[in-house]
Ligand SMILES: Cc1cc2nc3c(=O)[nH]c(=O)nc-3n(C[C@H](O)[C@H](O)[C@H](O)COP(=O)(O)OP(=O)(O)OC[C@H]3O[C@@H](n4cnc5c(N)ncnc54)[C@H](O)[C@@H]3O)c2cc1C
């Protein structure tokens with residue numbers, strides 16, 4: 087298996103798109119692979135409702151790193167680890183490319199004005215240095231602006247609860263752990279209110 | 018862009034009227050129709066196959082024939098029994114699908130002629146096709162439990178197709194006295210939604226706990242094992258104590274006959290009497306699959322598991338509960354995934370492309386209590402012509418998980434439902 091994987095890497099180093107699954111003779115196309123995500127994340131990753139996160143239109147870099155972190159267990163998850171382990175790393179790259187090329191369709195939710203204001207202040211103080219542009223900048227970072235607030239709140243609660251290892255920087259975890267549930271909820275509403 | 022000639026225009030006009038004045042980009046794109054595909058059943062499999070064919074190739078004409086005016090989802094219908102939601106929240110119309118340029122026809126398919134390639138309906142319409150997709154869900158094996166037929170289901174509901182039957186079961190729970198006994202007769206394998214009966218027990222107990230706490234839920238099972246058993250038993254105990262009892266087939270769970278009027282059941286060992294009895298009958302492929310000769314001796318449809326084309330009739334594809342899909346269970350997520358693989362194959366066949374290598378996923382969430390969700394998942398691939406789970410992928414929620422994890426899974430279950438139905442109907 088190991089050896090085959092390396093061969094694959096060699097052959098397809100140029101066109102990751104045409105990545106062959108290690109286990110099958112023919113390549114599984116990026117569409118074929120990515121369509122399996124839509125039952126949970128919505129057609130082309132444009133989630134229709136929280137707490138399922140929108141993934142279509144995030145950066146390729148973030149998506150592929152995150153999927154690999156789920157697969158290795160580095161990033162805690164309720165279900166993504168179990169899903170990501172069904173794909174080779176090259177397939178995860180192909181899926182990341184496909185999802186990154188989809189339009190970002192902002193969350194369809196009403197946000198609470200008071201919480202948005204409170205969240206804006208917290209963001210400026212605690213998060214903007216890395217999650218620039220009100221959480222809109224992606225790249226190696228997740229896109230926070232326009233994401234479903236219940237998804238973000240769930241993740242923040244999880245990061246707050248987990249003391250152990252996370253792929254995110256310790257700085258971030260420390261800051262999150264100092265905030266109350268209400269403050270984390272306010273932050274989530276703030277991001278959801280952005281584009 | 019091609020100019021529409023009169024015939025093309027007339028062809029698409031039917032679809033256009035149904036759209037009622039919205040924008041119809043598909044009309045502008047529609048060149049010559051490359052092929053006519055007719056999909057039977059607008060459920061978890063059929064709606065997806067129809068939509069994904071149109072999304073990828075608007076030059077394929079797709080007609081979707083569904084017997085009901087609206088689709089009522091079985092997933093989350095157990096929550097109607099607890100009172101957590103109503104049937105309306107599970108009901109979907111087809112305007113989103115017409116928006117993709119699919120012609121939706123409200124009629125019952127009575128005959129598929131696999132040689133002449135014509136589909137006939139109850140109201141006398143004929144549809145000729147190049148490719149047909151059949152996704153009719155399941156039919157019940159009436160009288161496998163003696164005395165349990167369609168008429169009996171009006172007294173002892175099955176509620177295994179959501180809608181009226183779900184409401185009937187809910188009403189019976191509402192009018193039951195405190196201290197009553199609710200029986201769930203769980204079916205033999207294979208059946209749609211393997212964790213469904215056990216989630217149902219929890220949702221009924223959720224209602225009883227708050228309104229009729231002296232009552233009991235007893236599952237009489239035709240089997241000796243069931244899906245996510247440890248997780249269910251743990252959750253039942255945690256939220257409902259001893260209210261839920263499970264009787265394995267070998268321990269007397271197999272029921273041979275029912276008397277609907279007396280509300281009694283004859284088991285292999287003893288007789289049971291219940292206040293509310295939910296009989297989930299043994300299942301087989303949908304009626305139209307039998308009428309077309311698409312089934313094998315076991316009552317399910319053998320297909321090429323790479324394409325979902327029937328191994329019995331060429332150019333007819335069977336997806337969802339009715340088909341035999343290797344290791345995949347009969348579930349809504351599985352039907353969704355199969356619908357997409359089937360669509361990709363039809364597109365390739367019509368356009369002369371290569372058969373794409375398939376990828377499939379299944380996930381089933383179950384909600385034991387409002388903040389307690391569990392799941393099972395798997396990613397699949399084709400191996401030697403059969404759909405097989407990929408080693409290391411998927412599996413169950415952990416048996417020992419924090420309350421936050423359980424709470425998150427319950428909310429993801431609802432997020433899943435909203436997205437999978439949006440994937441179908443928008
Ligand atoms: C209580 C319960 C809970 C469930 N929960 C889950 C869950 O949480 N997750 C999950 O993944 N799955 C769940 N399922 C399973 C899921 O409902 C089925 O597996 C899924 O609906 C199968 O899709 P299908 O397309 O094969 O059939 P269906 O979705 O049943 O669609 C078949 C459609 O075809 C139509 N039809 C049939 N015959 C004809 C004909 N001759 N002419 C015209 N129209 C016709 C029917 O009216 C129907 O609309 C649950 C099932 C039950 C009963």
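Chains as they are written, first to last, in my numbering: chain F, 87 to 281; chain W, 18 to 443. Even for Gly, the Cβ is constructed at its ideal location relative to N, Cα and C. Small disclaimer: the values here were computed from a predicted structure and weren't measured.
Let me confirm a value: residue i is counted as buried when at least 16 other C-beta atoms fall within 10 Å, else exposed. Which label applies?
i	result
residue 47 (chain F)	This structure does not reach residue 47 (chain F), given that chain F is present from 87 up to 281, and the question cannot be answered.
residue 353 (chain W)	buried
residue 141 (chain W)	exposed
residue 275 (chain F)	buried
residue 75 (chain W)	buried
residue 38 (chain W)	In this predicted model, residue 38 (chain W) has a pLDDT of only 33, less than 50, meaning its place in the structure is not dependable; the value taken from the coordinates is given anyway. Label assigned to residue 38 (chain W): exposed.
residue 42 (chain W)	At residue 42 (chain W) the pLDDT is 38, less than 50, meaning the model places this residue with poor confidence; the figure from the coordinates comes in the next sentence. Flag for residue 42 (chain W) reads exposed.
residue 8 (chain W)	Shown here, chain W extends from 18 to 443; a query on residue 8 (chain W) therefore has no answer.
residue 47 (chain W)	Because residue 47 (chain W) sits at a pLDDT of 48, beneath the cut-off of 50, its placement in the model cannot be relied upon, and the following sentence gives the value as read from the coordinates. The residue is buried, with at least 16 neighbouring Cβ atoms inside 10 Å.
residue 167 (chain F)	buried
residue 506 (chain W)	As displayed, chain W neither begins before 18 nor continues past 443, which places residue 506 (chain W) out of reach and without an answer.
residue 389 (chain W)	buried
residue 116 (chain W)	buried
residue 135 (chain F)	buried
residue 257 (chain F)	exposed
residue 107 (chain F)	Its pLDDT being 39, under 50, residue 107 (chain F) is placed unreliably by the model, and nothing is read from it.
residue 45 (chain W)	With a pLDDT of only 42 at residue 45 (chain W), under 50, the local geometry of the prediction cannot be trusted, and no value is derived from it.
residue 312 (chain W)	buried
residue 215 (chain F)	exposed
residue 96 (chain W)	buried
residue 253 (chain F)	exposed
residue 196 (chain W)	exposed
residue 242 (chain W)	exposed
residue 99 (chain W)	buried
residue 214 (chain W)	buried
residue 54 (chain W)	buried
residue 40 (chain W)	Unreliable positioning characterises residue 40 (chain W) in this predicted model, as indicated by a pLDDT of 34, which lies under 50. The coordinate reading is nonetheless provided below. Exposed is the call here.
residue 310 (chain W)	exposed
residue 30 (chain W)	Per-residue confidence for residue 30 (chain W) stands at a pLDDT of 37, beneath the threshold of 50, marking its modelled position as unreliable; the derived number appears in the next sentence. Counting Cβ neighbours within 10 Å, residue 30 (chain W) comes out exposed, since fewer than 16 surround it.
residue 68 (chain W)	buried
residue 287 (chain W)	exposed
residue 442 (chain W)	buried
residue 78 (chain W)	buried
Should residue i and residue j be called a contact, given that it needs their Cβ atoms to be closer than 8 Å?
i	j	result
residue 126 (chain W)	residue 305 (chain W)	yes
residue 225 (chain F)	residue 407 (chain W)	no
residue 270 (chain F)	residue 239 (chain F)	yes
residue 432 (chain W)	residue 138 (chain F)	yes
residue 140 (chain F)	residue 191 (chain F)	yes
residue 80 (chain W)	residue 132 (chain W)	no
residue 232 (chain F)	residue 280 (chain F)	yes
residue 413 (chain W)	residue 437 (chain W)	no
residue 508 (chain W)	residue 151 (chain W)	Outside the modelled stretch of chain W, which goes from 18 to 443, sits residue 508 (chain W), for which no answer is possible.
residue 358 (chain W)	residue 346 (chain W)	no
residue 284 (chain W)	residue 237 (chain W)	yes
residue 181 (chain F)	residue 153 (chain F)	yes
residue 391 (chain W)	residue 245 (chain W)	yes
residue 122 (chain F)	residue 425 (chain W)	no
residue 350 (chain W)	residue 368 (chain W)	no
residue 286 (chain F)	residue 132 (chain F)	Residue numbering for chain F in the displayed model covers 87 to 281; residue 286 (chain F) lies beyond these limits and cannot be assessed.
*Does the region 158-175 of chain W touch the region 99-114 of chain W, meaning 3 or more C-beta pairs lie closer than 8 Å?*
no
*Interfacial residues, the region 241-264 of chain F to chain W, with Cβ spacing under 8 Å*: 243, 244, 247
*Can you list, in chain order, the residues of the region 117-146 of chain F whose Cβ is nearer than 7 Å to any Cβ on chain W?*
Under the 7 Å Cβ criterion, the region 117-146 of chain F contributes 118, 119, 121, 122, 124, 125, 126, 127, 128, 129, 133, 134, 135, 136, 137, 138.
*Are three or more beta carbon pairs between the region 219-238 of chain W and the region 251-271 of chain W nearer than 8 Å?*
yes
*Mind checking the region 428-439 of chain W against chain F and listing, in chain order, the residues whose C-beta falls within less than 7 Å of any C-beta there?*
428, 429, 432, 433, 435, 436, 437, 439
*Does the region 337-356 of chain W touch the region 143-157 of chain W, meaning 3 or more C-beta pairs lie closer than 8 Å?*
yes
*When the Cβ atoms of the region 203-216 of chain W are set against those of the region 295-314 of chain W, are three or more pairs found closer than 8 Å?*
yes
*Please confirm if the region 267-281 of chain W is in contact with the region 158-166 of chain W, defined as three or more CB-CB distances below 8 Å between the two stretches.*
yes
*Quick one, which residues of the region 176-204 of chain F are near chain W if we go by CB-CB under 7 Å, in chain order?*
Result list empty, no residue passes.
*For the 8 Å Cβ check, are there 3 or more pairs between the region 315-331 of chain W and the region 395-410 of chain W?*
As far as the Cβ criterion goes, the region 315-331 of chain W touches the region 395-410 of chain W, which means the pair count is three or higher.
*At a Cβ cut of 9 Å, what residues of the region 207-234 of chain W count as close to chain F, listed as they run along the chain?*
Here the close residues number zero.
_Tell me which residues of the region 349-373 of chain W have at least one Cβ-Cβ distance to chain F shorter than 7 Å, keeping chain order._
If you check each beta-carbon in the region 349-373 of chain W against every beta-carbon of chain F, the ones closer than 7 Å belong to 350, 353, 354, 357, 361, 373.
*Mind checking the region 294-316 of chain W against chain F and listing, in chain order, the residues whose C-beta falls within less than 9 Å of any C-beta there?*
none
*Between the region 84-108 of chain W and chain F, which residues of the former have CB atoms less than 9 Å from a CB of the latter, in chain order?*
none
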